[in-house]
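Going line by line, the protein sequences match chains Y and W.
In terms of the numbering used here, the first sequence is residues 1 to 222.
In terms of the numbering used here, the second sequence is residues 1001 to 1311.
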Amino acid sequence: MPCFSNTARSNACKRRLAILVAAIAVMCAGTAQLTTGCAPNPHTSPEESGTISSDESKKESFPVTIRKPAGPPTIKTGALDEKGNPIAIACATCHTTKPANAEAKLGTPLPLFHQGLVGKHGNLSCVSCHNAAEGYGSLRLADGKSVPYTEVMTLCAQCHGPQFRDYQHGAHGGMTGHWDLTKGGRVRNNCVDCHDPHAPKYPTVMPAQGPNDRFLNKGGHD
Amino acid sequence: MIEKKKLSLPVIGEVDRRTAVKAGAATLGLAAWAAAIKPWFEWTGELDSDEFLQKHYRELNPPEMQRILNRLTDEARKETGQRVVVKDHKPIPGVVFGYALNLSICIGCRKCAEACHHENNHDRPSHQSYIRVFEMQKGGIDFEKGDATYKHPVPAKDKYYMPVQCQQCENAPCVKACPIEATWQEPDGVVVVDYNWCIGCRYCEAACPYHARRFNWSKPEIPPEEVNPNQSYLSNRARPQGVMEKCTFCLHRTREGRMPACLEACPTGARVFGNLLDPDSEIRWVLDNKRVFVLKEELGTKPRFYYFFDK
């Protein structure tokens, strides 16, 4: 049996220890990488991502992002600036000085700025949804609370409960991405991506091309 | 006597009738055989022996599969000039796919069929797709009165629209009809075809009560720049002429956790896809909370494709 001197033995021990430490370090690095690989998409800012229902949030590691409309709308004045770009103004530009007309509805002629605004959406008046108290810069819930334009779905859901319920369960509204949220995220449309809030009925469209019947076209059987 | 027999070999002047008939028949036989095997010699250029001797998909071991995928990838790249990758996506354990479609929301825009057409590298001239959208009269489900070739703005008055694709039946008649097991059901419920094993007898097409299978009457024609390069052996890779093909729930996408192309294309969100075995999935919510039905339930095919109305 070979006989080690004390120093040789301690050298061997040190080397073994070093290998062990290195192996642990590699493993730790590997785990760290794995966890970062599964972490939510860093490109999605927390403002953009809204996880919609509680029962979806159990084991998912990727977010369901609901597209958000731009903030308060602007109105084109018809004038152009010196570069030729149309000048658009915020609602408050006029509505801070003009009193709200509680009677105005879709179909009421609005000759000054909202020309051509037609549509059909129940029997709603403008101020049913637009918050006159805040210069029309936000939306108004039925209980009078203010809600920003980006949270329009909260407003729609007040009346369209069944649709909102279906939406929350992934059974209403277009989406792209992953069915398996442990493998990737999902991007979902919001209400006004598809429905014009002033005329929410989905518009009539021309269908995409259908199949060419083999028997009716050239080269087929007569 | 012996000398006489020697002379009776087919030499001119010494031929008896029987020998002449034999020689004639032999000549004809040789000529017929040569004609019969002629296509064989013409074929050898394009059909290599590897492909000809390729085993059934389910009998391939991983190295063999890899060789085939490499060959298919090379061929597709050469043909299209695109960075095509042909993979072999395996079923995910613990997953059985289900699909549901809300007929109250579907507007018949055919965006799903169009997405399928491009995603699955379908033949452009026939504008083939695995989805057929029927325009149906409200008040019943009568496919004989349904129209799959409408060309007017949708939704039309008093009509509803019913997209029909492979129902991925649990009890699939097409699988039973195949005489050579070229089509079968995978553990995740998707019925697939090995295009290299299929002989094109079209029995499965006849057996399918949903008319969901398509036959490649010619080699699909697609402009090279339009080819979808993300391909899978059992789904959207280039199909040869004379084989059957069908919807695979986009297994090259869904087995990676992604949505099928038809769902992503749907502008109204009429389509719901997911794992039937996951009680928290969207598809299970639909099955639990909506009035779902399946097509031709009375046939006992047990489809994994469900339809429902909102009201």
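We put the beta carbon where it would ideally sit given N, CA and C, even for glycine.
No experiment lies behind these values; they were computed from the predicted model shown.
- Contact with chain W is found for Y:Cys194, since one of that chain's Cβ atoms lies less than 8 Å from the residue's Cβ.
- Put simply, the region 177–193 of chain Y touches the region 1252–1267 of chain W. At least three CB pairs are less than 8 Å apart.
- At a cut-off of 8 Å between beta carbons, W:Phe1309 makes no contact with chain Y.
- Residue pairing from DSSP places Y:Leu80 in a beta bridge opposite Y:Pro86.
- Within chain W, Met1259 and Glu1264 have C-beta atoms less than 7 Å from the C-beta of Y:Thr176, given in sequence order.
- Out of W:Glu1205, W:Pro1223 and W:Asn1061, the CA that lies nearest to the CA of W:Phe1215 is found in W:Glu1205.
- Distance from the CA of W:Gly1146 to the CA of W:Lys1159, rounded to the nearest whole angstrom, comes to 10 Å.
- Nearest Cα to W:Tyr1150 within the set W:Gly1139, W:Met1162, W:Glu1051 and W:Gly1140: W:Met1162.
- Straight-line spacing of the CA atoms in W:Val1096 and W:Pro1187 works out to 7 Å.
- Runs of alpha helix (DSSP H) with 4 or more residues, each lying fully within the region 1196–1240 of chain W, are found at 1203–1207, listed in chain order.
- In the three-state scheme derived from DSSP, where H, G and I count as helix and E and B as strand, W:Pro1091 is classed as coil.
- In terms of Cβ geometry, Y:Thr65 and Y:Gly185 form a close pair [threshold 8 Å].
- Annotation for W:Leu1101: the continuous beta strand (DSSP E) segment containing it runs Phe1097 to Asn1102.
- Not flagged as an interface residue toward chain W: Y:Thr150, since no C-beta distance is shorter than 8 Å.
- With respect to chain Y, the C-beta atom of W:Gln1128 has a partner C-beta closer than 8 Å.
- By alpha-carbon distance to W:Glu1075, the top candidate from W:Phe1305, W:Ala1238, W:Asn1289 and W:Leu1053 is W:Ala1238.
- By the criterion of at least three beta-carbon pairs nearer than 8 Å, the region 72–89 of chain Y is not in contact with the region 152–167 of chain Y.
- Within the region 1109–1135 of chain W, the residues whose Cβ lies closer than 8 Å to any Cβ of chain Y are, in chain order, Cys1109, Arg1110, Lys1111, Ala1113, Glu1114, Pro1125, Ser1126, His1127, Gln1128, Ser1129, Arg1132 and Val1133.
- Excluding its 5 nearest sequence neighbours in each direction, W:Ala1115 has C-beta neighbours in its own chain below 6 Å: Ala1261, Cys1262 and Ala1265, listed in chain order.
- A direct Cα-Cα distance of roughly 12 Å separates W:Cys1201 from W:Thr1183.
- Straight through space, the alpha carbons of W:Cys1208 and W:Glu1245 are spaced by roughly 12 Å.
- In the three-state reduction of the DSSP assignment, W:Ser1126 falls in the coil class.
- Under the DSSP assignment, W:Val1192 falls outside any alpha helix (DSSP H), being part of the beta strand (DSSP E) whose first and last residues are Val1191 to Val1193.
- Between W:Arg1304 and W:Leu1276, the CB-CB gap stays under 8 Å.
- The way I'd put it, the region 1116–1128 of chain W doesn't touch the region 1083–1101 of chain W; fewer than three beta-carbon pairs between them come closer than 8 Å.
- Sorting W:Ala1270, W:Cys1178, W:Gln1165 and W:Ala1148 by C-alpha distance to the C-alpha of Y:Asn212 places W:Ala1148 at the top.
- Between Y:Thr74 and chain W, the shortest Cβ-Cβ separation is not below 8 Å.
- At a C-beta separation below 7 Å, W:Gly1269 has these neighbours in chain Y: His172, Gly173, Gly174 and Met175.
- The region 1129–1141 of chain W and the region 1075–1087 of chain W do not touch, with fewer than 3 CB-CB distances between them shorter than 8 Å.
- Contact between the region 1098–1111 of chain W and the region 1267–1274 of chain W is present: 3 or more CB-CB pairs across the two stretches fall below 8 Å.
- The C-beta of Y:His169 comes closer than 8 Å to at least one C-beta of chain W.
- For Y:Tyr167, the uninterrupted alpha helix (DSSP H) run begins and ends at Gly161 to Gln168, by DSSP.
- At least 8 Å separates the CB of W:Gly1146 from every CB of chain Y.
- Across the set W:Val1191, W:Cys1178, W:Ala1212 and W:Trp1217, the C-alpha of W:Cys1178 shows the shortest separation from the C-alpha of W:Cys1198.
- Our two residues, Y:Val205 and W:Gly1108, have alpha carbons roughly 9 Å apart in a direct line.
- Y:Trp179 is not bridged by DSSP to any residue.
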